[in-house]
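Undergrad:
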Amino acid sequence: MRKAERFQRFLEYFTTHFPEPETELQYGSPYELIVSVVLSAQCTDKRVNQITPELFRQFPTPAHLAAATADDIFPLIRSVSYPNNKAKHLAGLGRLLVEEFNSEVPSNLEDLQRLPGVGRKTANVVMSVIYNQPAMAVDTHVFRVSHRLGLVSKAAKTPLAVEKELVRYIPTELIPKAHHWLILHGRYICVARTPKCAVCPLTSICAYYARQIAPLLENLPSLPSAPELPPQA
Ligand code: SF4
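Numbering (numbering that gives the first Met the number 0) for the sequence shown: 0 to 232.
1. Return yes when the Cβ of G149 is within less than 8 Å of the Cβ of C205, no when it is not.
2. Where do the ends of the alpha helix (DSSP H) carrying I76 lie?
3. Whose CA, out of R192, R94, P105, C199, lies closest to the CA of T139?
4. Taking 7 Å as the cut-off, does the CB of V144 come closer than this to any heavy atom belonging to the ligand SF4?
5. For T121, which residues from the same chain have a beta carbon less than 8 Å from its beta carbon, with the 5 sequence-adjacent residues on both sides left out?
6. Quick check on the DSSP output: the alpha helix (DSSP H) that includes M126 runs from which residue to which?
7. Is T202 near the ligand SF4, going by C-beta to nearest heavy atom under 7 Å?
8. By the three-class DSSP mapping on this structure, what secondary structure does N84 have?
9. To the nearest whole angstrom, what separates the beta carbons of N131 and P175, a pair I think is in contact under 8 Å?
10. Please report the distance separating the alpha-carbon of K85 from that of L181.
11. When burial is assigned at 16 or more other CB atoms within 10 Å of the CB, is R210 buried or exposed?
12. Is L148 a contact residue of the ligand SF4, with contact defined as CB to any heavy atom under 7 Å?
13. Please name the residue in G185, L201, P214, R147 whose C-alpha comes closest to that of E11.
14. Drop a sphere of 10 angstroms on the beta-carbon of P214, count the other beta-carbons inside from all chains shown, and report buried for 16 or more, exposed for fewer.
15. Is T193 helix, strand or coil by DSSP?
16. Tell me the residue span of the alpha helix (DSSP H) that contains E53.
17. Can we say the stretch 67 to 78 touches the stretch 15 to 30, given the rule of at least three CB pairs closer than 8 Å?
18. Does the Cβ of K153 lie closer than 7 Å to at least one heavy atom of the ligand SF4?
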């Protein structure tokens, strides 16, 4: 299957069946989103959503975060992964937002990546979710699903390479949605260890399925036919 057709069918499926995907992180402002995305690195959205209500109650604005130390923040985020580093990042992020960005979350990739704890992936999430820009954030799910489906080439070995290949084929206006589609598909169907191909709606376009699963099914021995009932008296 040509790559353009694979993209087309992928986009058609999700546009039809899941037209308005959203992030599963719970947030009420750009500030809350960027803090949540920083916390979600190597951690689940579910876990982050469990701790952010109290975090945002105690630190409702960048100014509150800027006035805090990492030691103040740590107890509230200790159940996420890498809490020490993330507490330091959040304290620094609050300070930089206040000192250089008038307590606003920047709306360009360059400035976003200056914030502590914010790499290209986090910056792309903010650009996409808050500012609806055609930014493709490549996390572990997007990376894995793009490769399995065959949306990107084997040569795309880094998140940046995957990002560049994806945005080449996805119409600009659909890029923010495609980011969510790939994440959610990876989170619930095309999971890391054992993808749930038996319930996946994308088998007909999936390169992994064609290569790994379909040949196994073709070689299954056919079942013996059931014995016939004797004639009824
Ligand atoms: S068919 Fe299997 S490997 Fe392919 S996208 Fe679906 S779950 Fe993933």
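Even for Gly, the Cβ is constructed at its ideal location relative to N, Cα and C.
TA: Let's see:
1. Along the sequence shown, read from residue 1 onward, the residue named residue 205 stands at position 206. Along the sequence shown, read from residue 1 onward, the residue named residue 149 stands at position 150. Yes, the pair counts as a contact, with Cβ atoms nearer than the cut-off.
2. Reading the sequence shown from its first residue, position 77 is the one you call residue 76. Per DSSP, I76 belongs to the alpha helix (DSSP H) from 69 to 76.
3. Numbered from 1 along the sequence shown, position 140 holds the residue referred to as residue 139. For T139, the closest alpha carbon among the candidates R192, R94, P105, C199 is that of R192.
4. Here residue 144 corresponds to residue number 145 of the sequence shown, with the count starting at 1. Annotation for V144 indicates a beta carbon within 7 Å of some heavy atom of the ligand SF4.
5. Sequence index remark: in the sequence shown, residue 121 carries index 122 (1-based). Non-local C-beta neighbours of T121 in its own chain, meaning closer than 8 Å and more than five positions away in sequence, comprise I33, V36, V37, A40, L111, A136, ordered along the chain.
6. By 1-based counting over the sequence shown, the position of residue 126 is 127. Start and end: 119 to 128.
7. Sequence index remark: in the sequence shown, residue 202 carries index 203 (1-based). Yes; taking the cut-off as 7 Å, the Cβ of T202 has a heavy atom of the ligand SF4 nearer than that.
8. Within the sequence shown, the letter at position 85 stands for residue 84. DSSP places N84 in helix when its eight states are reduced to three.
9. Reading the sequence shown from its first residue, position 132 is the one you call residue 131. Reading the sequence shown from its first residue, position 176 is the one you call residue 175. The beta carbons of N131 and P175 sit about 6 Å from each other, so the pair counts as a contact at 8 Å.
10. The sequence position of residue 85 within the sequence shown is 86, counting from 1. The sequence position of residue 181 within the sequence shown is 182, counting from 1. Whole-angstrom Cα-Cα distance: 26 Å.
11. Translated into positions along the sequence shown, residue 210 becomes position 211. Classification for R210: exposed.
12. Here residue 148 corresponds to residue number 149 of the sequence shown, with the count starting at 1. At least one heavy atom of the ligand SF4 is nearer than 7 Å to the Cβ of L148, so yes.
13. As a first step, residue 11 must be located in the sequence shown, where it is residue number 12. Out of G185, L201, P214, R147, L201 has the C-alpha closest to the C-alpha of E11.
14. Here residue 214 refers to the residue found at position 215 of the sequence shown. That one is exposed.
15. Position 194 of the sequence shown, counted from the start, is the residue given in the question as residue 193. It is coil, neither helix nor strand.
16. Stepping through the sequence shown from its first residue, residue 53 is reached at position 54. Run containing E53: 44 to 57, per the alpha helix (DSSP H) assignment.
17. No: fewer than three Cβ pairs fall under 8 Å.
18. Residue 153 sits at position 154 when you count from the first residue of the sequence shown. K153 Cβ: outside cutoff for every heavy atom of the ligand SF4.
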